[in-house]
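Residue numbers (the numbering used here): 573 to 1428.
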RNA sequence: GCCGGAGUGGCGAAAUUGGUAUACGCACCAGACUCAAAAUCUGGCGAGGUCAAACUCAUGUCGGUUCGAGUCCGACCUCCGGCACCA
């Protein structure tokens, strides 16, 4: 062992040893309790950034912690290796996407190994390899078989500059996320997965995870699914046998409906206006606002579109009141939510109110606020409160119905239920739940993805590829012009095939799948990564799943996590797994940001902003151990982490000090007193006694912090333990056998607890302390055992009387007797008194940090 | 606008059930070592006040509960994040 700390030597040594001994390989047959720790799999962009380092440092700390406690830990990694950047590299630089991807993986794997992350590399997977995406295709076919995969004509976001299709997220605000060009709409036949079938479960099953997922993630998922409870109501059309179905969440306001409003692209419009003189005007208007909506997508979401509408001249019949009200067409009604038609109730809906004001439609109040008198079970009056007052804004709360026929005087909550029942019994409506979520469009008109395993035959139509013919292998290469349709369409030997049913010439589907498909089930593949006959063996997966702890950025809080929850529910339905929720606990880590040069702004590190920090530079300058320690110490894991270079020096200093201290003590312990466990507390000198107390308090704190993922404070606790040891170290050594025991206990505890943060140095020091087996190789759990007697801060409750009254709270270590406390309270106490001018109100006694008594 | 979350030193941040506010670290200041610097070590470090102390004031603002409030309650201000015409 060297006297000085050389991180590069220690880290290389242990990384090699871990590799050779397969230290982190998880074994299916290991009988110990399992722990599945998962980090979101990275896209192989070429380089690790500090966000990755933070993610993996958190996951690794937890994995080490669980291993040291004796769990059988699965900690895998892989590559989300399909996707656009590889294809962009092909378009721009003529590189083969496969070559580009494989080279990136090699580089990033090297970076991860230099960081010393404890992955089970034997389970590494990559989405772009046929042995993986074969099972994407298999799942697709299973969904097809169950009617969950279907094709429909659907508008896509088309970037005219790049000539590619963009996802909604990539084109938000109507501009391409990469090139900034205005996005156009085009209609293409696209494959969809029926995630809407699972909308209810996606909301309902949240109760299983609501304790262990961040509230903000659950909320965003809830919003995304957008469940709302209401009713469908059919309005008849005057002089016609047509009817207009509307969806409302406020059926209780239906007597206040003064119009029915259709979305501009509502299919009924042309039918209703057949023969009407207004037909041309309305259709022109509808075409105008539809076009406006698709081209001038809002860039600033804060600016609301102006409401525009046109009276169609048609009248609709309110089925409750029999009243005839005009049918309007307006841009504020959306075709793709509900039925594309609403009943307009200006008095009780803000949007309808605004619309009614603009076009001078009548505003009729039918809900009145509940007064105290009415709440107190007085006979409800059917008269409104304050009918004469003109409304200045919509009253959107629940209340009491007025001007509502037989329901006058009924409470909103009651009326909603009764009116829905009436509608159903009379056959003009029913209670219903609608969702905002849409089916998941998975078609991508690109090369670098898993081909959709479908064949089109002129005879047999759309034919699924037989399971035994999988995988449908992506061709080696294609023509990457960056324009037009999928590059796959230009590869004749791929497209041209024979129909599996009739054997005649047929064409393959040239769309590939969204990469979110790959990432929806990848962590099941880790449990059985080399299986050639199934996505995974359900029996083996059962051994490891569900994931105990998932860690990643909250940029995936909605889509990835919704999709993977959906996928798991489908897997349960086809009998592959037995649970509905794939992830027990979720942690969304904060971003790592850096100051953008020349500004006051802190932004996520990125190449384009030039504020990136290369992890390799960090490792070279400070060592992986220090870099990882600092990134976990600097802020709570869920906070944004502002990267400050000087902070990392503190981490290096700490490790260096621990290193030299262990080195010094190791000599002293080996030449000095034999250590032996003491019979009782009195065998310790006061300094050693204090050390013991600190050791066990630290064990308690660090253990508790790990359970709650408060990694920053556990590092603080370890630093405090070091400081206590260093104070003892500075005193002349008079170590007895008991004191030597206390010192070794503290040193070993410190080293073991440092391991999750800085595993290389911990292994080295553990070896120096005389353990030849390595931290994980000894066959038993080495996480320090907590002696609660010694960790306890509060033990004695001592009544102290003042004027016959008292309240007391006493804090003391286990080695402090009641006598001592009393003495301290009398002799050493710092007494503060407060008066209100006449008499003493209270006394606070604070002796030697042991007692805090408040009496009156 | 709606829904979440957060406001504590120069900075990142601590603070079981309400119980010594500012742990731990960064930066900074002074001293030791050094020809000098770096590194290292020792001490200091919320504000006011004092030779030093006592003491006073400090957890976004104002009020309340309590012997005691960063923590609980009410009102407000500011910042960050998400959503956005979802009927």
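Glycine included, C-beta positions come from ideal geometry on N, C-alpha and C.
Computed from a predicted structure; not experimentally measured.
Counting Cβ pairs closer than 8 Å, one from the region 817-832 and one from the region 1157-1176, do we hit at least three? The region 817-832 makes no contact with the region 1157-1176: fewer than 3 CB pairs, one atom from each, lie closer than 8 Å.
Would you kindly report the start and end of the unbroken alpha helix (DSSP H) that includes residue 1006? The residue you call residue 1006 lines up with position 434 of the first chain. Counting along the chain, residue 1006 falls outside any alpha helix (DSSP H), though it belongs to the beta strand (DSSP E) covering 1001-1006.
Within a Cβ cutoff of 8 Å, which residues of the same chain sit near residue 1358, ignoring the five residues on either side of it in sequence? The sequence position of residue 1358 within the first chain is 786, counting from 1. Cβ within range, chain order: 1268, 1271, 1272, 1275.
Count the other CB atoms within 10 Å of the CB of residue 1344; is the residue buried (16 or more) or exposed (fewer)? Counted from its first residue, the first chain places residue 1344 at position 772. It counts as exposed.
Where in the region 647-697 do unbroken runs of the alpha helix (DSSP H), each at least 4 residues long, occur, reported from the N-terminal end onward? Unbroken alpha helix (DSSP H) runs of no fewer than 4 residues, entirely contained in the region 647-697, are found at 656-665, 669-687, following chain order.
Terminal residues of the continuous beta strand (DSSP E) containing residue 1185? Numbered from its first residue, the first chain carries residue 1185 at position 613. Segment: none, residue 1185 is in no beta strand (DSSP E) and carries neither H nor E.
How should residue 593 be labelled, buried or exposed, when 16 other C-beta atoms within 10 angstroms of its C-beta is the threshold for buried? Here residue 593 is taken as the residue at index 21 of the first chain, counted from 1. Label assigned to residue 593: exposed.
Considering only residues of the same chain and omitting the five flanking positions on each side of residue 891, which have a CB-CB separation below 8 Å? Here residue 891 refers to the residue found at position 319 of the first chain. The answer, listed in chain order, is 805, 806, 807, 808, 995, 998, 1000, 1001.
Do you know how far the Cα of residue 963 is from the Cα of residue 611? As a first step, residue 611 is located in the first chain; it is residue number 39 there, counting from the start. As a first step, residue 963 is located in the first chain; it is residue number 391 there, counting from the start. Looking at the two C-alpha atoms, the distance is approximately 55 Å.
Residue 791: first and last residue of the uninterrupted alpha helix (DSSP H) it sits in: As a first step, residue 791 is located in the first chain; it is residue number 219 there, counting from the start. Element bounds for residue 791: 787-797.
Taking the straight line between their C-alpha atoms, what separation do you get for residue 1120 and residue 687? Here residue 1120 refers to the residue found at position 548 of the first chain. Here residue 687 refers to the residue found at position 115 of the first chain. The straight-line gap from Cα to Cα measures roughly 23 Å.
Which residues in the same chain have their Cβ closer than 6 Å to the Cβ of residue 567, if we skip the five residues on either side of it in sequence? The requested residue 567 is not part of the displayed model; the chain covers only 573 to 1428.
Cutoff 6 Å; reference residue 792; Cβ partners in own chain excluding five residues on either side: As a first step, residue 792 is located in the first chain; it is residue number 220 there, counting from the start. Only 1129, 1130 meet the Cβ criterion.
Check whether the region 687-696 and the region 643-657 are in contact - that is, three or more C-beta pairs closer than 8 Å. yes
Excluding the 5 residues preceding and the 5 following residue 607 in the sequence, name in chain order all residues of the same chain whose CB lies nearer than 6 Å to its CB. By 1-based counting over the first chain, the position of residue 607 is 35. Excluding positions up to five away in sequence, the list reads 638, 643, 645, 1120.
Rounded C-alpha distance that separates residue 1385 from residue 1174: For the purposes of this step, residue 1385 is taken as residue 813 along the first chain, with counting starting at 1. For the purposes of this step, residue 1174 is taken as residue 602 along the first chain, with counting starting at 1. Because the pLDDT of residue 1385 is 41, which lies under 50, any placement of that residue in the model is unreliable, and the number read from its coordinates should be weighed accordingly. Roughly 45 Å between the two C-alpha positions.
Bridge partners of residue 1339, per DSSP? As a first step, residue 1339 is located in the first chain; it is residue number 767 there, counting from the start. According to DSSP, residue 1339 bridges with nothing at all.
Endpoints, alpha helix (DSSP H) assigned at residue 986: By 1-based counting over the first chain, the position of residue 986 is 414. For residue 986, the uninterrupted alpha helix (DSSP H) run begins and ends at 984-998, by DSSP.
Locate the alpha helix (DSSP H) running through residue 1014, then write down its first and last residues. Numbered from 1 along the first chain, position 442 holds the residue referred to as residue 1014. First-last for residue 1014: undefined, no H or E at that position.
Using 8 Å as the cut-off, can you tell me whether the region 918-932 makes contact with the region 836-853, which would need three or more C-beta pairs spanning the two stretches below that distance? no
Check whether residue 665 and residue 1213 have beta carbons under 9 Å apart: Here residue 665 corresponds to residue number 93 of the first chain, with the count starting at 1. Here residue 1213 corresponds to residue number 641 of the first chain, with the count starting at 1. Going by C-beta atoms, residue 665 is not nearer than 9 Å to residue 1213.
Could you check if residue 718 is buried or exposed, using at least 16 other CB atoms within 10 Å of its CB as the buried criterion? Stepping through the first chain from its first residue, residue 718 is reached at position 146. Residue 718 comes out exposed.
May I ask you to verify whether the region 574-587 touches the region 1183-1203, counting CB pairs closer than 8 Å and requiring at least 3? yes
Thinking C-beta only, is residue 1363 closer than 9 Å to residue 1284? The count along the first chain starts at 1 and reaches residue 1284 at position 712. The count along the first chain starts at 1 and reaches residue 1363 at position 791. Not a contact, by the Cβ cut-off of 9 Å.
Going by CA-CA distance only, name the one from 1019, 939, 1022, 1029 that's closest to residue 986. The residue labelled residue 986 in the question sits at position 414 within the first chain. Residue 986 has its Cα closest to that of 939, out of 1019, 939, 1022, 1029.
Give the DSSP-derived three-state secondary structure of residue 608 in the structure shown. As a working mapping, residue 608 is identified with position 36 in the first chain. DSSP places residue 608 in strand when its eight states are reduced to three.
Using beta-carbon positions only, say whether residue 727 and residue 1158 come within less than 9 Å of one another. Residue numbering aside, residue 727 sits at position 155 when the first chain is read from its first letter. Residue numbering aside, residue 1158 sits at position 586 when the first chain is read from its first letter. Result no, Cβ atoms of residue 727 and residue 1158 do not sit closer than 9 Å.
Report buried or exposed for residue 576, applying the criterion of at least 16 other Cβ atoms within 10 angstroms of its Cβ. Residue 576 sits at position 4 when you count from the first residue of the first chain. Residue burial is scored here from C-beta neighbours: residue 576 has fewer than 16 other C-beta atoms within 10 angstroms and is therefore classed as exposed.
Kindly indicate which three-state DSSP category residue 1433 falls into: helix, strand or coil? A query on residue 1433 cannot be resolved here, the shown segment of the chain reaching from 573 to 1428 and no further.
In or out: residue 1108 buried (at least 16 other Cβ within 10 Å) or exposed? The residue you call residue 1108 lines up with position 536 of the first chain. With 16 or more Cβ atoms within 10 Å of its Cβ, residue 1108 is classed as buried.
Mapping the DSSP letters down to three states, classify residue 627 as helix, strand or coil. Here the question's residue 627 lines up with position 55 in the first chain. Three-state DSSP puts residue 627 in a helix.
Quick one: what's got a C-beta closer than 8 Å to residue 1146's C-beta in the same chain, skipping five residues either side? One-based indexing of the first chain puts residue 1146 at position 574. Taken in chain order, the residues that qualify are 714, 718.
6 Å CB neighbourhood of residue 1286 in its chain, flanking five on each side removed: On the first chain, residue 1286 is found 714 positions in, with the first residue counted as 1. Same-chain partners within the cutoff: 1274, 1277.
Between residue 899 and the rest of its own chain, which residues show a CB-CB distance below 6 Å, the 5 nearest in sequence each way excluded? By 1-based counting over the first chain, the position of residue 899 is 327. So the qualifying residues of the chain are 832, 884, 886, 888.
Beta-carbon proximity of residue 1241 to residue 1329, cut-off 9 Å: On the first chain, residue 1241 is found 669 positions in, with the first residue counted as 1. On the first chain, residue 1329 is found 757 positions in, with the first residue counted as 1. Cβ distance not < 9 Å, so residue 1241 and residue 1329 don't count as in contact.
Go ahead and label residue 825 buried or exposed: buried means 16 or more other beta carbons lie within 10 angstroms of its beta carbon, across all protein chains shown. On the first chain, position 253 is the one that residue 825 refers to. With 16 or more other Cβ atoms inside 10 Å of its own Cβ, residue 825 counts as buried.
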